[in-house]
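When we follow our numbering, the leftmost residue of the sequence shown carries the number 4, and every step to the right adds one.
Note that CB positions come from ideal geometry on N, CA and C, so glycine has one too.
Please read these numbers as outputs of a predicted model, since none were measured by experiment.
To keep things clear, I will list the structure first and then write my remarks on it.
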Amino acid sequence: MAEYGMILTETQGKVAVIRLNRPAALNALCDQLMDELGQALRGFDADPGIAAIVLTGSEKAFAAGADIKEMQARSYPAVYLDDFIGKRWEAVTHVQKPVIAAVAGYALGGGCELAMMCDIIIAGENARFGQPEINLGIIPGAGGTQRLTRAIGKSKAMEMILTGRMMDAEEAERANLVARIVPTEQVVAEAVKLGERIAALSGPAVAVAKEAVNRAFESTLSEGVRFERRVFQALFATEDQKEGMAAFAAKRKPAFRNR
Ligand code: CAA
């Protein structure tokens, strides 16, 4: 397995776990960390032995945002020509397999945005979400104004983005930002359990389901439904559809073969 300086990776069966590991800076998301994260995500996405990916941090911080000290002196031409954010951060949105964010502690700024790029967020009881960029004289730059607004609605998103106020785990669950809350020390184990549950299903069906849900954010209702219909029909070409339905009729467990 590849060696990294700012992340740790491991596999538990068919679930990969990527842990952001820059504790002295509360996992501030610098260029090196984001390069390593992108490389690890691409590697696990290409690995046929892996069916789901868990992304996590420490109990104190999922990630406290983009690295402010690294960004501080950058000029406009530099960030523009380097495609700052675009070049390094969007790797997670290109992953075909489900990516589950296991969030404990701070998920602020780019940390909150990174969690929102994932497919499902499981929150520890101590999780705190926020977009505090306004306090630095900037705004969210990794999709926060768009994804937070779609997740929790305009009024709450405006309040958080215009003031930098943080949300605790309970409020985040009420606001539909997270799928559920679990005890902080169990957040990774619960996310892995969820990954294992998904890993037992048909890989093509899972990938198509993820793509179809994401379509809901990228198209009109009628286009989204048309897309869903076509990929739903396409799944009838898979062996896994025959197996899933035969197993149901025979009252046995399906054995999916990802084809
Ligand atoms: N960038 C760089 N370093 C950071 C950091 C960040 N985003 N967040 C924390 N750190 C560093 C601190 O500077 C400190 O380093 P030193 O020990 O060398 O001084 C170390 O991590 C520990 O942090 P604190 O001492 O501040 O810890 P705390 O427990 O007192 O406070 C906190 C925790 C409330 C999260 C506080 O660290 C904080 O407010 N961090 C910044 C949060 C933020 O503004 N995030 C948005 C960044 S901009 C962005 O993300 C843009 C975008 O949309 C892409």
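Taking the alpha carbon of Ala28 as the point to measure from, which residue in Val57, Phe239, Leu111, Lys90 has its own alpha carbon closest? In the sequence shown, the residue the question calls residue 28 occupies position 25. Checked all of Val57, Phe239, Leu111, Lys90; the closest Cα to Ala28 is Leu111.
Flag this pair as touching only if the stretch 225 to 245 and the stretch 141 to 148 have three or more C-beta atom pairs under 8 Å; answer yes or no. no
Apart from the five residues on each side of it in sequence, which residues of its chain come closer than 6 Å, Cβ to Cβ, to Glu136? Numbered from its first residue, the sequence shown carries residue 136 at position 133. Within its own chain, the residues whose Cβ lies closer than 6 Å to the Cβ of Glu136, once the five positions on either side in sequence are excluded, are Gly112, Ile142, Pro143, listed in chain order.
Around the C-beta of Glu193, are 16 or more other C-beta atoms found within 10 angstroms, so that it is buried, or is it exposed? Here the question's residue 193 lines up with position 190 in the sequence shown. Counting Cβ neighbours within 10 Å, Glu193 comes out buried, since at least 16 surround it.
How many Å lie between Arg177 and Ala237 at the Cα? Taking the first residue of the sequence shown as 1, we reach residue 177 at position 174. Taking the first residue of the sequence shown as 1, we reach residue 237 at position 234. Each residue's alpha carbon lies about 36 Å from the other.
Take Arg262 as the anchor and find which of Gly52, Arg255, Glu246 has the nearest alpha-carbon. Here the question's residue 262 lines up with position 259 in the sequence shown. Considering only alpha carbons, the answer is Glu246.
Given this structure, state the Cα-to-Cα distance separating Glu226 from Glu214, to the nearest angstrom. If you number the sequence shown from 1, residue 226 lands on position 223. If you number the sequence shown from 1, residue 214 lands on position 211. Whole-angstrom Cα-Cα distance: 13 Å.
For Leu139, the nearest candidate out of Arg22, Thr166, Cys115, Asn129 (CA to CA): Working through the sequence shown from its first residue, we reach residue 139 at position 136. If we check each option's Cα against that of Leu139, Thr166 comes out closest.
Contact belief for Ala66 with Gly60 at Cβ below 8 Å, rounded distance in angstroms: What you label residue 66 is simply residue 63 of the sequence shown in a count that begins at 1. What you label residue 60 is simply residue 57 of the sequence shown in a count that begins at 1. Sure, about 6 Å apart at Cβ, within 8 Å.
Rounded distance between the beta-carbons of Leu197 and Ile123, thought under 8 Å: Within the sequence shown, the letter at position 120 stands for residue 123. Within the sequence shown, the letter at position 194 stands for residue 197. Indeed they touch by this definition, with Cβ atoms about 7 Å apart.
Nearest-angstrom Cα separation, counted from Ala105 out to Val190: In the sequence shown, counting from the first residue as 1, residue 190 sits at position 187. In the sequence shown, counting from the first residue as 1, residue 105 sits at position 102. If I take the Cα positions, the gap works out to 6 Å.
With 16 other Cβ atoms within 10 Å as the buried cut-off, status of Ser205: For this step, residue 205 is matched to residue 202 along the sequence shown. So Ser205 ends up on the buried side.
Give, in chain order, every unbroken run of the alpha helix (DSSP H) that is at least 4 residues long and sits entirely within the stretch 142 to 169. 147 to 155, 157 to 166
Length at least 4, wholly inside the stretch 182 to 236: the alpha helix (DSSP H) runs in chain order: 190 to 202, 206 to 218
Proximal residues to Ala258 (C-beta, below 8 Å), its chain only, five neighbours per side dropped: In the sequence shown, the residue the question calls residue 258 occupies position 255. So the qualifying residues of the chain are Glu246, Ala250.
Buried versus exposed, by CB contacts within 10 Å (16 or more), Gln134: Taking the sequence shown and counting its residues from 1, the one referred to as residue 134 is at position 131. The residue in question, Gln134, is buried, as its Cβ has 16 or more Cβ neighbours within 10 Å.
How about Ala31 and Ala202: do their beta carbons lie closer than 8 Å? Counted from its first residue, the sequence shown places residue 31 at position 28. Counted from its first residue, the sequence shown places residue 202 at position 199. Result no, Cβ atoms of Ala31 and Ala202 do not sit closer than 8 Å.
Please state if the CB of Ala175 and the CB of Phe132 are separated by a distance shorter than 8 Å. For the purposes of this step, residue 132 is identified with residue 129 of the sequence shown, where counting begins at 1. For the purposes of this step, residue 175 is identified with residue 172 of the sequence shown, where counting begins at 1. Yes, the Cβ-Cβ distance between Phe132 and Ala175 is below 8 Å.
Starting from the C-beta of Ile10, find all residues in its chain whose C-beta is less than 8 Å away, skip the five residues before and the five after it, and write them out in chain order. Translated into the one-based positions of the sequence shown, residue 10 becomes position 7. Once the five neighbours on either side are set aside, the close Cβ partners of Ile10 are Ile21, Arg22, Leu23, Asn24, Leu36, Glu39, Leu40, Ala43.
With distances taken from CA atoms, which of Thr187, Phe47, Leu180 is nearest Gly156? Translated into the one-based positions of the sequence shown, residue 156 becomes position 153. That would be Leu180, whose Cα lies nearest to the Cα of Gly156.
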